[in-house]
Amino acid sequence: MSDRPVVTRFAPSPTGYLHIGGARTALFNWLYARGNGGKFLLRVEDTDRERSTPEATAAILRGMEWLGLDYDGEAISQFERADRHAEVAHAMLDSGHAYKCFATQDEIQAFRETAKAEGKSTLFRSPWRDASSDTHADAPYVIRVKAPRDGETVVEDQVQGRVAWKNETLDDMICLRSDGTPTYMLAVVVDDHDMGVTHVIRGDDHLSNAARQSLVYNAMDWEIPVWAHIPLIHGADGKKLSKRHGALGVEEYQAMGYPASGMRNYLARLGWSHGDDEFFTDSQAKEWFGFGGIGKSPARFDFKKLENLSGQHIAQSDDAALLHEIEGFLSANNEDPLSETQRHDLLKAMYCLKEKSKMFGNLLEKSRFILTSRPIERDEKSEKSLDDVSRSILSSLTPHLQNATWSREDLEAAVSEVAETQGLKLGKLVAPIRAALAGRTTTPSVFDMMLVLGRDETLARINDVTRE
Ligand code: GLU
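If you count by the working numbering, then the sequence shown holds residues 105 to 572, one letter each, in order.
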């Protein structure tokens with residue numbers, strides 16, 4: 105491979121949402137480009153007009169945006185390049201690397217049936233390969249690439265190693281249909297070449313396509329890109345990925361409450377590794393990512409690992425970035441947007457909310473104390489920790505809180521002192537405080553809640569309870 109600057113691409117077919125496998129392919133291409141000072145391009149493979157929809161394109165773009173996989177320049181539509189594809193097919197025709205084939209569907213069918221009956225290969229061998237086409241000037245034809253019949257075609261793959269196909273197993277594939285439209289095999293090669301793509305990273309279901317596509321590169325005397333065909337993703341049980349295993353659109357992961365950074369980290373680990381590193385940042389991933397770390401066997405999708413990494417990313421994220429992601433999470437779930445006050449309050453509490461929150465749902469559950477106002481509605485469990493005894497203990501805490509300097513140290517001292525005087529363990533006192541402040545059992549620590557709420561609000565909430 106020459107030392108051309110790195111150009112990778114993601115080339116989804118817009119026939120559905122951006123699924124987890126596609127997102128991982130996009131991520132690998134993005135990481136490789138970004139880590140090597142290269143470009144990452146997006147090409148929408150919308151050549152199949154019947155199956156491609158603008159809605160699917162929009163969903164793919166939204167998914168990439170959520171994942172933060174920014175691409176260089178404009179997204180390219182493959183369909184719009186059809187004339188250029190046809191031009192290349194004709195160039196191959198002119199140079200003798202391709203030929204017009206006038207065989208009809210019936211003739212091809214008859215050929216296959218005879219071959220089958222005779223126990224021969226059913227690979228179609230067109231009689232037009234070496235014939236003159238002059239006699240068929242007005243008949244419809246397809247353009248086929250003249251594939252070599254002897255020897256082998258080799259794909260040097262960065263993941264799969266050297267893979268060879270006997271040329272006798274490759275047919276003269278069609279590159280231009282009789283209506284003048286290009287086939288997928290041709291379009292991919294022409295586009296990759298014209299876009300200057302140097303590295304093709306995609307699912308290993310495309311490995312045998314690489315062999316056939318290299319025929320077009322050779323016919324046009326174009327430089328073959330570096331190939332890296334990555335193993336597919338399986339479910340945790342090792343079976344083909346299904347909805348039950350997590351074969352969902354990436355947008356659904358946003359709606360489930362995973363942060364994009366956690367998702368990127370987890371997707372990078374699906375099939376690629378860097379030593380024993382599980383948690384890493386984007387800049388580490390960009391620096392470390394390379395073909396050597398890609399495994400040959402299918403990766404297994406594991407929600408537990410995803411959750412775990414998400415929690416670590418939430419804990420380490422910048423507060424403002426988290427707020428932005430939470431707003432995206434709420435909107436993905438068709439929830440009301442946050443008010444200015446709620447945004448302000450959430451930001452204030454974020455430092456303690458982001459600890460030990462695996463997903464945004466957990467984080468928001470803990471944020472309830474700051475997002476609701478008095479009188480605090482209590483759930484059953486909280487209610488239970490507020491009997492007469494604990495109410496009177498809360499009363500005795502009040503003067504201490506009135507005099508505290510409202511530092512964490514001072515608040516801890518005040519609560520410990522009351523616990524000690526009453527001969528109680530600290531935990532016994534914490535439960536009623538939590539009930540008074542939040543009305544829930546899943547909350548940040550009581551000291552964090554007091555610090556975030558401030559003295560007046562804390563005392564008012566405790567007062568509400570002791571006066572009941
Ligand atoms: N459009 C193809 C797909 O979605 C990808 C083609 C390629 O990466 O070369 O599977």
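Here a beta-carbon is modelled for each residue, glycine too, at the ideal position from N, C-alpha and C.
| Asked | Found |
| --- | --- |
| Phe144 in three-state terms, based on DSSP | strand |
| Residue range of the beta strand (DSSP E) that includes Val246 | 246-249 |
| Contact test: Val293 Cβ vs the ligand GLU heavy atom, cutoff 7 angstroms | no |
| First and last residue of the uninterrupted alpha helix (DSSP H) at Phe433 | 423-436 |
| Leu173, DSSP secondary structure in three states | coil |
| Length-filtered (3 minimum) beta strand (DSSP E) runs lying within the segment 236-284 | 246-249, 256-261, 265-270, 278-280 |
| Residues of its chain near Gly361, where Cβ-Cβ distance is below 6 angstroms and the 5 sequence neighbours each way are ignored | Phe433, Met463, Phe464, Gly465 |
| DSSP state of Trp510 mapped onto helix, strand, coil | coil |
| Separation of Glu184 from Gly167, as counted between CA atoms | 23 angstroms |
| Secondary structure of Trp331, DSSP reduced to three states | strand |
| Three-pair Cβ contact test at 8 angstroms for the segment 246-266 versus the segment 201-218 | yes |
| Inter-stretch contact (C-beta, 8 angstroms, three-pair minimum) for the segment 537-554 and the segment 473-487 | yes |
| Rounded C-alpha distance that separates Arg233 from Ala207 | 11 angstroms |
| Span of the beta strand (DSSP E) around His303 | 303-307 |
| Enclosing alpha helix (DSSP H) for Tyr321 [first to last residue] | 311-324 |
| Phe183 (DSSP reduced to helix, strand or coil) | helix |
| Where Thr545 falls: helix, strand or coil (DSSP) | coil |
| Alpha-carbon to alpha-carbon, Gly126 and Asp238 | 46 angstroms |
| Span of the beta strand (DSSP E) around Val589 | For residue 589 there is no data in the structure shown, the boundaries of the chain being 105 and 572. |
| Under the three-state DSSP convention, the category Ala403 falls into | strand |
| Helix, strand or coil at His338 [DSSP, three-state] | strand |
| Classification of Thr151 by the beta-carbon crowding that lies within 10 angstroms, buried from 16 upward | buried |
| In chain order, each alpha helix (DSSP H) run of at least 4 residues that lies wholly inside the segment 516-572 | 530-542, 550-557, 559-570 |
| Residues that DSSP places opposite His123 in a beta bridge | Gly353 |
| Cβ-Cβ distance between Ser477 and Leu457 below 8 angstroms | no |
| Beta-carbon proximity check, Thr112 vs Tyr136, cutoff 8 angstroms | yes |
| Distance cut-off 7 angstroms: Ala115 Cβ against heavy atoms of the ligand GLU | yes |
| The segment 285-301 touching the segment 323-330, judged by at least three CB pairs closer than 8 angstroms | yes |
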